[in-house]
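For reference, the structure is listed below as structure tokens.
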Amino acid sequence: MSIKQAPFLNTYELLEQIGNGSFAVVYKGKKRDSNELVAIKAMKKKISPSYQKEYKTMERLAPHPNIIQLFDVCHQTQSFLVMEYMNSGDLYQLLETRKQAGKRFHWKEIRSILTQVLAAFHHMHHIQGLFHRDIKPENLLIHQTQDAMIVKLADFGLATEIKSKRVAEDDYVSTRWYRAPEVLLKSTDYSFPIDLWALGTIFAELISLRPLFPGQSEEDQLIRISRLLGHPDLSYRKPSRRHRLYHHRSMPCLPEPLITQLGLGGFWREGALLAQKIGFEFPQTPPDPDALAQCLKPYCISTEAEDLLLKLLQYDPKKRITSTEALQHPFFLNDTVHSPTFQSLSPTVQLPKIPLSPINLEPSISSSCPLRPVDDSHVHTYFETPSSFAKTTSMPDFQLPQQQEPVLIPLQDAPKRLLKTPFQRLHRWTKRYISIDEQHSQNYHTK
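Structure representation (structure tokens):
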């Protein structure tokens with residue numbers, strides 16, 4: 001795209017193209033009178049609603065040390081946004097560089113990145129009453145100095161008011177891999193927690209250097225999420241044939257055993273109802289408390305890191321951790337317990353703007369955990385628009401343990417210690433069956 005000559009370009013000089021998207025081209029430039037480096041976003045359309053929303057949102061959010069700063073706006077032959085220049089691209093480029101070099105992020109770097117993004121969320125959600133709606137690595141810009149990494153939130157074309165009404169037919173809300181389950185299930189009541197969900201998936205990507213949920217369609221995305229986090233409904237019914245402990249006309253057969261253990265994603269009845277509305281059925285996945293460790297294996301992850309990650313990935317948006325709560329999580333307090341940033345935060349009082357300065361980083365050191373090889377099937381591709389539901393057979397990268405079928409033996413052969421009720425002991429010699437552990441069965445028959 002060629003930039004048309006306009007009075008605007010008398011003030012700024014274009015140096016090179018550094019980005020190209022569906023709606024705009026981004027150039028590295030400089031201010032002619034001061035030689036200050038800037039980023040110039042040239043819109044492909046003359047005036048678009050997303051352009052107007054973006055610069056108005058940036059003006060409203062300024063100033064904040066972790067939100068990209070807007071310097072100038074021009075509405076001439078073309079529309080331009082002049083913003084501060086970030087010298088190290090975005091987080092996606094940094095992830096790709098680390099992946100190719102086989103160099104994982106140091107935990108201090110991960111803490112620094114997450115802290116700065118959460119500080120931007122805190123200002124955006126709780127001070128200005130807005131949420132981003134398109135959190136992904138490309139929209140987290142990086143500026144590196146000799147001893148610090150500065151992260152800033154950018155691209156506010158989809159940002160909206162927390163109190164505004166939304167419809168399920170919105171053309172586009174977030175990139176699929178980072179899209180919250182309430183958006184995937186076409187909820188009209190989603191809000192700022194979708195930004196926290198996206199940050200949770202980025203957190204896992206910083207650890208493993210690959211996407212956590214690389215779904216090929218919206219249905220596949222939901223399947224991958226439920227394979228890791230479990231079924232969002234509280235009760236899980238074991239998928240095996242119905243069995244009878246006894247037969248009697250006055251006593252109905254017992255149903256399948258009901259397991260009430262929660263999955264990692266927690267309980268979310270509204271999600272199950274939303275799924276029924278759109279015709280999606282969550283897989284009947286038994287709860288597995290070790291599913292996350294298996295997914296991230298063989299990477300080392302602390303208890304505090306795992307706890308924060310799961311709180312960011314809660315199914316129920318109302319139970320998902322907020323930016324304010326996350327900033328006070330023990331995962332961050334290990335390094336920043338004396339920071340005034342955290343001491344000034346309180347969930348019960350009016351929250352001030354956070355003057356967050358960059359956190360100094362230690363050089364990356366080798367870890368005892370080997371780097372997991374990158375699966376070529378997880379090529380980091382981003383989609384401009386969400387796809388419709390399609391049948392898929394894709395599965396996640398880990399397999400859940402297989403459930404063993406119960407061993408059935410005749411009731412008359414069962415030892416008395418297994419017959420716990422008087423009714424069972426009374427009908428010991430009837431031709432009914434009882435399910436017992438296989439090991440108990442073997443021990444009994446060898447006596």
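Residue numbering for the sequence shown follows UniProt numbering, starting at 1 and increasing by one per position. We put the beta carbon where it would ideally sit given N, CA and C, even for glycine.
With a threshold of 16 other CB atoms inside 10 Å of the CB of K163, please say whether the residue is buried or exposed.
Position 163 of the sequence shown holds residue 163. Burial call: exposed.
By Cβ distance, which residues of its chain are closer than 7 Å to G215, with the 5 residues on each side in sequence left out?
By 1-based counting over the sequence shown, the position of residue 215 is 215. Excluding residues within five positions, the ones whose Cβ falls inside 7 Å are R176, W177, Q221, R224.
Are the beta-carbon atoms belonging to M58 and K152 less than 8 Å from one another?
Translated into positions along the sequence shown, residue 58 becomes position 58. Translated into positions along the sequence shown, residue 152 becomes position 152. No, the pair does not count as a contact, with Cβ atoms beyond the cut-off.
In angstroms, rounded to a whole number, what distance separates the CA positions of P7 and G89?
Along the sequence shown, read from residue 1 onward, the residue named residue 7 stands at position 7. Along the sequence shown, read from residue 1 onward, the residue named residue 89 stands at position 89. Looking at the two C-alpha atoms, the distance is approximately 28 Å.
Looking at S208: is its Cβ nearer than 8 Å to the Cβ of L296?
Start at 1 with the first residue of the sequence shown, and residue 208 comes out as number 208. Start at 1 with the first residue of the sequence shown, and residue 296 comes out as number 296. For S208 and L296, yes; Cβs fall inside 8 Å.
Is it right to say K41 is buried, meaning 16 or more other beta carbons lie within 10 angstroms of its own, or is it exposed?
Taking the sequence shown and counting its residues from 1, the one referred to as residue 41 is at position 41. When all chains shown are included, K41 counts as buried.
Please tell me whether I135 and L199 are closer than 8 Å, where the distance is taken between their beta carbons.
Here the question's residue 135 lines up with position 135 in the sequence shown. Here the question's residue 199 lines up with position 199 in the sequence shown. Yes, Cβ-Cβ distance for I135 and L199 is below 8 Å.
Pick helix, strand or coil for A62, following the three-state DSSP scheme.
In the sequence shown, residue 62 corresponds to position 62, counting from 1. Coil.
Rounded to whole angstroms, how far is the Cβ of K56 from the Cβ of F23, which I believe are closer than 8 Å?
Taking the sequence shown and counting its residues from 1, the one referred to as residue 56 is at position 56. Taking the sequence shown and counting its residues from 1, the one referred to as residue 23 is at position 23. 16 Å between Cβ atoms; not a contact.
Rounded to whole angstroms, what's the CA-CA distance from R227 to E54? Just pull it up for me.
On the sequence shown, position 227 is the one that residue 227 refers to. On the sequence shown, position 54 is the one that residue 54 refers to. Answer to the nearest angstrom: the Cα atoms are 36 Å apart.
Am I right that L212 and E205 are in contact with their C-beta atoms under 8 Å? What's the rounded C-beta distance?
Position 212 of the sequence shown, counting from 1, holds the residue named residue 212. Position 205 of the sequence shown, counting from 1, holds the residue named residue 205. About 6 Å separates the two Cβ atoms, so the contact holds.
How should E309 be labelled, buried or exposed, when 16 other C-beta atoms within 10 angstroms of its C-beta is the threshold for buried?
As a position in the sequence shown, residue 309 is number 309, starting the count at 1. In the sequence as displayed, the identity of residue 309 is Leu instead of Glu. With 16 or more other Cβ atoms within 10 Å, it is buried.
On the CB-based measure, 16 or more other CB atoms within 10 Å of its CB, does R60 come out buried or exposed?
Along the sequence shown, read from residue 1 onward, the residue named residue 60 stands at position 60. Label assigned to R60: exposed.
Taking the continuous alpha helix (DSSP H) assigned at D195, which residues delimit it?
For the purposes of this step, residue 195 is taken as the residue at position 195 of the sequence shown. Residues 193 to 208.
Quick one: Cα of K319 to Cα of Y51, how far?
Reading the sequence shown from its first residue, position 319 is the one you call residue 319. Reading the sequence shown from its first residue, position 51 is the one you call residue 51. Straight across, the Cα-Cα distance linking K319 with Y51 is about 33 Å.
Near L14, what residues of its chain come up, given a Cβ to Cβ distance below 7 Å and the 5 sequence neighbours on each side ignored?
Indexing the sequence shown from 1 puts residue 14 at position 14. The answer, listed in chain order, is I3, Y27, G29, I40.
Locate the alpha helix (DSSP H) running through G129, then write down its first and last residues.
On the sequence shown, position 129 is the one that residue 129 refers to. Premise fails: G129 is in no alpha helix (DSSP H) and is neither H nor E.
Do the region 104 to 122 and the region 131 to 149 make contact, defined as three or more Cβ pairs closer than 8 Å?
Under the three-pair Cβ rule at 8 Å, the region 104 to 122 counts as touching the region 131 to 149.
So for A101, helix, strand or coil by DSSP?
Working through the sequence shown from its first residue, we reach residue 101 at position 101. A101: helix per DSSP, three-state reduction.
Quick check on the burial criterion: 16 or more other C-beta atoms within 10 angstroms. Buried or exposed for T201?
Numbered from 1 along the sequence shown, position 201 holds the residue referred to as residue 201. T201 should be labelled buried.
Any idea what DSSP makes of P283, helix, strand or coil?
Position 283 of the sequence shown, counted from the start, is the residue given in the question as residue 283. Coil, per DSSP.
Give a yes or no on whether the C-beta atoms belonging to W268 and D316 are separated by under 8 Å.
Counting from one through the sequence shown, the residue named residue 268 turns up at place 268. Counting from one through the sequence shown, the residue named residue 316 turns up at place 316. For W268 and D316, yes; Cβs fall inside 8 Å.
Can you find the residues in the same chain that come closer than 8 Å, C-beta to C-beta, to L196, ignoring five residues on each side of it along the sequence?
For the purposes of this step, residue 196 is taken as residue 196 along the sequence shown, with counting starting at 1. Result list for L196: F121, L312, R320, I321, T322, S323, A326, in chain order.
Roughly how many angstroms separate the alpha carbons of L184 and P287, rounded to a whole number?
Within the sequence shown, the letter at position 184 stands for residue 184. Within the sequence shown, the letter at position 287 stands for residue 287. Roughly 22 Å between the two C-alpha positions.
Report the CB separation of A154 from I68 in whole angstroms; it is logged as a contact under 8 Å.
Along the sequence shown, read from residue 1 onward, the residue named residue 154 stands at position 154. Along the sequence shown, read from residue 1 onward, the residue named residue 68 stands at position 68. With a Cβ gap of about 4 Å, A154 and I68 count as contacting.
So, are the CB atoms of G271 and P330 less than 8 Å apart?
Position 271 of the sequence shown, counted from the first residue, corresponds to residue 271. Position 330 of the sequence shown, counted from the first residue, corresponds to residue 330. No, the pair does not count as a contact, with Cβ atoms beyond the cut-off.
Any idea what DSSP makes of K136, helix, strand or coil?
Position 136 of the sequence shown, counting from 1, holds the residue named residue 136. DSSP places K136 in coil when its eight states are reduced to three.
If P137 sits next to L91, beta carbons under 8 Å apart, how far is it from one beta carbon to the other, in whole angstroms?
Sequence index remark: in the sequence shown, residue 137 carries index 137 (1-based). Sequence index remark: in the sequence shown, residue 91 carries index 91 (1-based). Going by Cβ atoms, the distance from P137 to L91 rounds to 4 Å, so yes, they are a contact pair.
For P181, count the other beta carbons within 10 Å of its own beta carbon; 16 or more makes it buried, fewer makes it exposed. Which is it?
By 1-based counting over the sequence shown, the position of residue 181 is 181. Buried.
Since H125 and F203 are thought to touch, with beta carbons under 8 Å apart, how far apart are those beta carbons, to the nearest angstrom?
Along the sequence shown, one-based indexing puts residue 125 at 125. Along the sequence shown, one-based indexing puts residue 203 at 203. With a Cβ gap of about 17 Å, H125 and F203 do not count as contacting.
Quick one: using the 10 Å Cβ neighbour count with 16 as the cut-off for buried, is N66 buried or exposed?
Translated into the one-based positions of the sequence shown, residue 66 becomes position 66. Taking a 10 Å sphere around the C-beta of N66, we find 16 or more other C-beta atoms and assign the residue as buried.
Please say whether I150 and L94 have beta carbons closer to each other than 8 Å?
Within the sequence shown, the letter at position 94 stands for residue 94. Within the sequence shown, the letter at position 150 stands for residue 150. Cβ atoms of L94 and I150: not closer than 8 Å.
Which of the three DSSP states, helix, strand or coil, is assigned to I301?
Walking along the sequence shown from the start, residue 301 turns up at place 301. Residue state, collapsed to three classes: coil.
Within the continuous alpha helix (DSSP H) that includes F122, where are the two ends?
Residue 122 sits at position 122 when you count from the first residue of the sequence shown. For the record, residue 122 in the displayed sequence is His; it is not Phe. H122 -> alpha helix (DSSP H) spans 107 to 122.
Alpha carbon to alpha carbon, what distance is there between S112 and H106?
Counting from one through the sequence shown, the residue named residue 106 turns up at place 106. Counting from one through the sequence shown, the residue named residue 112 turns up at place 112. Near 10 Å, if we compare the C-alpha coordinates of S112 and H106.
Using a Cβ-Cβ cut-off of 8 Å (strictly less than) and excluding sequence neighbours within five positions of N139, which residues of its own chain qualify?
In the sequence shown, residue 139 corresponds to position 139, counting from 1. If we look at N139 and ignore the five residues flanking it on each side, its Cβ neighbours are D90, H132, L153, A154, D155.
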